[in-house]
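Single-structure report; data block below.
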Amino acid sequence: PWERQGGASVAQPDGALIGASLSGAPGWGIPAGFDVEGFLQASKANFLMLQAAWDRADIPSLRAMMTDAMLEQIQNQLAEREHSGGGSANTTDVVMLQAHLLGIEEMDAGYMASVEFSGLIREDASAGPNPFREIWNITRPKSGSGGWLVAGVQALQ
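If you want it as C-alpha cells, here you go:
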C-alpha cells in the first residue's frame, strides 16, 4: 500500500519502493520507469483497507492512509453516519474492483497521482451490488520517508 502505519512506503517483491523513481518527473503523465502495475495493486489493496476502516470507523487506520484535511472530512462523514444510523454497523462488500492510473502531477513539494476506481459494491446484505466510479487523488512528498496518502475522493457515479 502507499503507506502503512509507521509511514513506510511499500516494497515490491524485488525490493524497489513503489514510486521511488519519481524524482524529476515532468508535469502531468506517467513517468518513464514508473511501476504502474505495482502502484495499482497497492492502490487496490489500500482501497479495500480504507473501506474496511471506514466500515469500522477506525480513525487510527484512516489517519495512516489519509492527509489531515481528508481525515477531517471523513471524520465529519462518520459523525453524520453515526447520528443518522443510530450506531448500526456499516458493512461494505467490494464485489469487483478495477483501478486505472490517470496520471501523476509534479507539484512544488510532492507528487499527486490520480487513480480511477470502478466496480461493484454492496452496502446492504439483502440487496444486489451497485456500480461505483471514483477518482482518488493520492499525494506523496518529494523528500522524507512519507508514503502515498489519500488527499481527495470524487464520486463520478
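Heads up, the sequence shown is in our numbering, so the first residue is 534 and it goes up one at a time.
In this text, a Cβ means the ideal position worked out from N, Cα and C, and glycines have one as well.
Treat the numbers as computed from the prediction; the structure is a model and nothing was measured.
Distance CB(residue i)-CB(residue j) smaller than 8 Å
| i | j | result |
| --- | --- | --- |
| residue 618 | residue 631 | no |
| residue 650 | residue 681 | no |
| residue 629 | residue 672 | no |
| residue 634 | residue 572 | yes |
| residue 643 | residue 563 | no |
| residue 598 | residue 683 | yes |
| residue 604 | residue 614 | no |
Burial state of residue i (16 or more Cβ within 10 Å)
| i | result |
| --- | --- |
| residue 586 | buried |
| residue 581 | exposed |
| residue 583 | buried |
| residue 576 | buried |
| residue 607 | buried |
| residue 640 | exposed |
| residue 663 | exposed |
| residue 557 | Low per-residue confidence applies at residue 557: pLDDT is 48, beneath 50, and the placement is therefore not dependable, though the value from the model is reported in the following sentence. It is exposed - the Cβ of residue 557 has fewer than 16 other Cβ atoms within 10 Å. |
| residue 678 | exposed |
| residue 609 | exposed |
Three-way DSSP call (helix, strand, coil) for residue i in this model
| i | result |
| --- | --- |
| residue 663 | strand |
| residue 564 | coil |
| residue 588 | helix |
| residue 611 | helix |
| residue 595 | helix |
| residue 670 | strand |
| residue 540 | Below a pLDDT of 50, predicted positions are generally treated as unreliable, and residue 540, at 35, falls in that range; no measurement from the model is reported. |
| residue 646 | strand |
| residue 651 | strand |
| residue 679 | coil |
| residue 622 | coil |
Start and end residues, beta strand (DSSP E) containing residue i
| i | result |
| --- | --- |
| residue 693 | Since the first residue of the chain shown is 534 and the last is 690, residue 693 is not available in this structure. |
| residue 656 | Residue 656 -> no beta strand (DSSP E), and no H or E assigned at all. |
| residue 688 | 682 to 688 |
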